[in-house]
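Under the working numbering, think of the first position of the sequence shown as 111, with each following residue one higher. Glycine included, C-beta positions come from ideal geometry on N, C-alpha and C.
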Amino acid sequence: MATDGSTVETLRRRLRTAGLRVTAPRLAVLEWLSGHPHTTADQVATGVRDHIGSVSTQAVYDVLNACVRADLVRRIEPAGSPARFETRTGDNHHHLVCRGCGRTEDVDCAVGPAPCLEPSDSMGFDVVEAEVVFWGYCPDCKRAQASQLPTG
């Protein structure tokens, strides 16, 4: 998790601007997520431990939750999968999720007619975000499925 000084300084500035104290676990979590988007809290904890040594999984959850509240990190929760975290926030992008392995990829907003920008009836809600998840099978899972088909 090698990051140059300018990146670390950018992360420090983002934390301060969000009103959060700069701590080693917060920097390590943001640094890890910058290079490993769509990872679970447990994966983040493992990566952070490899970088700064001892840090509890609960501390990582606390950092992630604080960063989500401060809009430094986005939590995505695909149905049937553990929550995943990323540092790409504020642009309302969407996700592709593999039904086979859970691989998650960013996709920019849907093209064509906007099917989800406004509900047909907001029922009094003040809608602030629309989230679209495209489900399918990644190339690796498609190949694995094809190799398991009976031949002859």
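Beta-carbon gap between residue i and residue j smaller than 9 Å
i, j, result
"Thr213", "Cys248", "Residue identity check: residue 213 is Arg in the sequence provided, not Thr. It is a contact, given that the beta carbons lie within the stated cut-off."
"His146", "Gln153", "yes"
"Ser166", "Ala155", "yes"
"Val158", "Val183", "no"
"Arg209", "Trp245", "yes"
"Val242", "His205", "yes"
Range covered by the beta strand (DSSP E) that runs through residue i
i, result
"Asp216", "214-217"
Whole-number beta carbon distance between residue j and residue i, since they are thought to touch under 8 Å
i, j, result
"Phe250", "Cys211", "The sequence given here has Asp at residue 250, not Phe. Yes, Asp250 and Cys211 are in contact; Cβ-Cβ is about 7 Å, under 8 Å."
"Val207", "Pro192", "Not quite, the Cβ-Cβ distance comes to about 12 Å (not below 8 Å), so this is no contact."
"His203", "Cys219", "7 Å"
"Leu143", "Arg136", "Actually they do not touch by this definition, with Cβ atoms about 11 Å apart."
"Asp216", "Gly200", "Wrong, their Cβ atoms sit about 13 Å apart, outside the cutoff."
"Leu125", "Val118", "About 11 Å separates the two Cβ atoms, so there is no contact after all."
Extent of the continuous alpha helix (DSSP H) run through residue i
i, result
"Glu141", "134-145"
"Ala155", "151-162"
Span separating the alpha-carbon of residue i from that of residue j
i, j, result
"Ala240", "Asn175", "21 Å"
"Gln168", "Gln255", "37 Å"
"Gly234", "Gly190", "29 Å"
"Arg253", "Leu259", "10 Å"
"Gly163", "Ser257", "42 Å"
"Glu228", "Ile186", "20 Å"
"Ala128", "Thr120", "12 Å"
Practice problem: Mind listing, in chain order, the continuous beta strand (DSSP E) runs of no fewer than 3 residues lying wholly within the segment 168-249? | Solution: 184-186, 194-196, 204-208, 214-217, 243-246
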